[in-house]
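Contents: one structure, followed by commentary.
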Amino acid sequence: MSSTTHDDHAHNDHTHDAHGDHGHAKPGFVRRWLMSTNHKDIGTLYITSAVIAGCVGGILSMLMRAQLMYPHNHIISSGTEWNAIITAHGLIMIFWMVMPALIGGFGNWFVPMMIGAPDMAFPRLNNMSFWFLVMGFIFVMLGLLIGDGTGAGWTIYPPLDNARYSPGIATDFSLFSLHLAGISSLLGAINFIATILNMRAPGMTMHKMPLFVWAILVTAFLLLLAIPVLAGAVTMLIMDRNFGTSFFEPAGGGDPVLFQHLFWFFGHPEVYIMILPAFGVISHVVSTFSKKPIFGYLGMAYAMVIIGFVGFVVWAHHMFVSAISTDSRVYFEVATLVIAVPTGIKIFSWIATMWGGSIEFKTPMLWAIGFIFLFVIGGATGVVLANAGLDQELHNDYFLIAHFHYVLSLGAVFAIFAGFYYWIGKMSGHPYPEFWGKVHFWTTFIGVNLTFFPQHFLGLAGMPRRYPDYPDAFAGWNFVSSVGAMISGASTAVFFYILYRIFTSKEKLADNYWGEGATTLEWAVPSPAPHHTFEDVPVIQ
Amino acid sequence: MKRVFGWALGIILLVGLGGHAAFAQTADPTAAADAYVNAPRNWQMWLPVPGSPMEARIDWLMKYVLWIMTAIVVFVGGLMAFVLFRFNAGKNKTPAHFTHNTLVEVVWIVIPTLLLAVIIVPSISLIYYEADDANPYMTITATGHQWYWEYKYDSVPGLDYTSYMVPDDKLQPGDIRRLSVDHPIVVPVGKKIKFEITSSDVLHGFYLPSLGVQRYAVPGTMLTSWTTIPKIGTYYGECNQICGVNHDAMPIEIKAVSMEDYQAWIKVAQANYVMNSYTPHPLSSPLPVNEFAGLAVTK
């Protein structure tokens, strides 16, 4: 992954013939990759780290599915080890895979390009936010590997992770890793907001911004408002663990339920933080391969704004069976269901964008179509779970696991791959092998559906989450699910083969290798995009 | 290359299925039990058979909502299939360039909103039904511990006992691995039972899928739920909130018995059970002697 963008720009006769590189010498490896202030290089670093973290999180999920393949299995030796694995899988996939790929990776690469800005507003801050993320990743790995590991689940509910029930230092590492990832996201969010509000090229009004930029802008505001709440909650946990406070200790007058409120006040916007950039990517891919402008642009942009806003007032639907009052259940159910309407606007607008188009089934489009359909399924089960009365039956069981993997593992991840195949030529200058891209799509599509669809049945039958062993009656569908996971795991090998093919390719790509459907500014610059994107300020009509 | 890949997948599936078939012969130990047992079944695809009126209402609303959602998924999927078929590059060489249509944009806001209203009305009524724990016949306090449950019968002086999962090496014929316990909850059939749920240490989850009951067990807080079991038999549940290394080893077992058997059981239990025992027992605590001998429900 790390060989993107460099070298070629010196020979590129599109932009560099007269000016050279503005007198910047080509930076050496250390200067370029460790001290980078270039939004594309930092984007590449983010994507590379997301691939690495995705592999770690993926290996953990393979271990989990191997353990669950049969009841009474002993692949994972103890409940302690199991709990450490499920905790690390959740944290890594959310904070070090999905978010860095979509926001840090594609966001850094394409937001400045799409709005005609030379770089991010604060390039050094940008570098700092990446390295905070790396430090956070080291910490979360220490939280997995030291001693007993962190075993409270990614939701880190006290009292299980307080000093009494999780005495090891591993839990402190995991909590600090959230601080580091949080600071990273917060700095990134500030940077994106400053960039998008201040550095748009002349003529690029808010209502002309590409939808991916809108998505990142809304996401950045969600981060800005949600992360400090998580930081507060995590700080209180660390204080409870180490300095004798009792924010969440009933014996000292505290309340574990307070933590649940704080966590989900962050945690629910967090799910939109993961999915809104995915919406942005899908809009571009659908429009490009339908060769049609996006349908209902303003509706699409403001649907994201509404989703972001309402996303902040629905958090307690994660607490329907915890300590909230009956009337609160009613409110949080209704507020949650409201989100289905703007989400529906997006789904239907994508279909309307395809309607009347001239659709080409290139690999990015396959992932986008897969995203839309599977996201609809995940959204449908989300509506089911939003019913507080039904959540009393389904809360924390495998129906929920199936639901959120449909919107994340089959939603956000499909969008990441859609974006990857869509933009990899722009990032690397080389095409991906179309045939293998399709093999990757179909193996993943079959694998993840086989993994997660049967989990709906397990949940309906009453199988709780976070169980390393289960009653024998759940054996059948667990087995099918594990076979699906193996197929998904195998599809990752195809992905690495594709990476190998891309970075050993000698083929060069044109500026706009997708043709008439690709209309945003990144397609006006060479492939790979030069180290400094715009020599002259682009003007948008 | 493609062929190698196909073979590899085939082998994985075959090996896996073979292994699974070998296992399947020992599955479903509930089949032999003579009394009514409401436990999960292998390859089950839907909710448990309702063991309580509450679960019956959940089952009804689940079908109602899921039919609406299935219709939406089929509609959207069908629409996508049509669009992809009708407007693919081979069939439609020149793309259109429209970007607005006020009518459909209003329609796809109004219709989903109406569908939500259709869901919300029965859904809210279920929330209030589930919350209505007034006027119970009796109240049982269920306290979660790492890693067992403690049940205290508020109306029976001194009846306060612990309930451990039967470990795999102590299973008796008719026991269900990972669901059977040494001392189940015993309740009279057809009476409204209120549960007061709390915890002595970390969070636990008091989850009875076939009765539609679920609440967190939160230290320092008492949450309530209730059930009525119209049919004599055995029902199961599990801890459903991660609580440490043996989170999967603290199931819940409820026996609904006739009023006479319930009264008889109280006397046996009062005589035999360890009272107010807060000290963790080893998981292999001895099973009680013949506590169900002569009762309508046998293990």
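Chains D and X are the protein sequences, given in the same order. So for the first sequence, the numbering used here puts the first residue at 1; every next one is plus one. So for the second sequence, the numbering used here puts the first residue at 1001; every next one is plus one. Where is the CB? At the ideal position from N, CA and C, for every residue including glycine. Every value quoted in this text rests on a predicted model; they were computed, and no experiment measured them.
In the three-state reduction of the DSSP assignment, A1096 of chain X falls in the coil class, being assigned neither a helical nor a strand state. Taken through DSSP and simplified to helix, strand or coil, I1058 of chain X comes out as helix. Within the segment 1085-1117 of chain X, the residues whose Cβ lies closer than 8 Å to any Cβ of chain D are, in chain order, F1087, N1088, A1089, N1092, K1093, T1094, P1095, A1096, H1097, F1098, T1099, H1100, N1101, V1104, E1105, W1108, I1109, P1112, T1113 and L1116.
Interface annotation for the segment 274-299 of chain D against chain X: S290, K291, K292, P293, I294, F295, G296, Y297 and G299, criterion Cβ-Cβ distance under 8 Å.
Taking 8 Å as the cut-off, the beta carbon of G143 of chain D is found closer than this to the beta carbon of S177 of chain D. For A415 of chain D, the enclosing alpha helix (DSSP H) has its first and last residue at V413 to S428. DSSP places R1215 of chain X in the strand class (E or B) of the three-state scheme.
Residue pairing from DSSP places N1038 of chain X in a beta bridge opposite X:Y1235. Burial is judged here by how many other beta carbons sit within 10 angstroms of a residue's own beta carbon; G1237 of chain X has at least 16 and is buried. With contacts defined by Cβ atoms closer than 8 Å, Y1235 of chain X and I1242 of chain X do not form a contacting pair. Beta-bridge partners assigned by DSSP to K508 of chain D: none are found. For A1039 of chain X, the C-beta contacts it makes with chain D under 8 Å involve P471 and A473, in order along the chain. According to DSSP, E333 of chain D shares a beta bridge with no other residue.
DSSP places F1206 of chain X in the uninterrupted beta strand (DSSP E) bounded by H1204 to L1208. Straight through space, the alpha carbons of V539 of chain D and N83 of chain D are spaced by roughly 54 Å. In chain order, T150 and D161 place their CB closer than 6 Å to the CB of T171 of chain D, counting only its own chain and leaving out the 5 sequence neighbours on each side.
Within the segment 49-129 of chain D, the complete alpha helix (DSSP H) runs of at least 4 residues fall at 79-91 and 108-114.
Per DSSP, the continuous beta strand (DSSP E) segment holding M1138 of chain X begins and ends at M1138 to H1145. By the Cβ test, the segment 320-340 of chain D is in contact with the segment 1122-1132 of chain X, since at least three Cβ pairs between them sit closer than 8 Å. Just so you know, the alpha carbons of A490 of chain D and L1114 of chain X end up roughly 44 Å apart. Remark: C-beta atoms of N396 of chain D and R465 of chain D approach each other more closely than 8 Å.
Residue contact with chain D for G1212 of chain X: present (Cβ-Cβ distance below 8 Å to some residue of chain D). Here E1253 of chain X is bridged, per DSSP, to X:Y1236. No residue range can be given for S1258 of chain X, since it is assigned to no alpha helix (DSSP H) and is classified by DSSP as neither H nor E. Taken through DSSP and simplified to helix, strand or coil, N1135 of chain X comes out as coil. With distances taken between CA atoms, L276 of chain D lies nearest to D:I339 out of D:H89, D:N38 and D:I339. Excluding its 5 nearest sequence neighbours in each direction, A352 of chain D has C-beta neighbours in its own chain below 6 Å: F295, listed in chain order.
Per DSSP, F1195 of chain X is one residue of the beta strand (DSSP E) stretching across K1192 to S1199. Residues are counted here when their Cβ sits less than 9 Å from a Cβ of chain D; for the segment 1233-1264 of chain X these are Y1236, G1237, E1238, C1239, N1240, Q1241, I1242, C1243, G1244, V1245, N1246, H1247, D1248, A1249 and P1251, given in chain order.
Between the segment 343-360 of chain D and the segment 1034-1042 of chain X, the count of Cβ pairs shorter than 8 Å is below three; the stretches do not touch. From the listed residues X:A1217, X:K1192 and X:V1213, the smallest Cα separation to D1201 of chain X is found for X:A1217. Unbroken alpha helix (DSSP H) stretches of 4 residues or longer found wholly inside the segment 322-385 of chain D: 326-338 and 340-354, given in chain order. F495 of chain D and S1225 of chain X have their alpha carbons spaced roughly 49 Å apart. Taking a cut-off of 8 Å on C-beta distances, the segment 310-325 of chain D touches the segment 264-271 of chain D, as three or more cross pairs fall below it. Of all C-beta pairs linking the segment 427-442 of chain D to the segment 474-494 of chain D, three or more are shorter than 8 Å, placing the two stretches in contact. Spatial neighbours of P1122 of chain X in its own chain (CB-CB distance under 7 Å, excluding positions within 5 residues in sequence) are listed in chain order as L1061 and Y1064.
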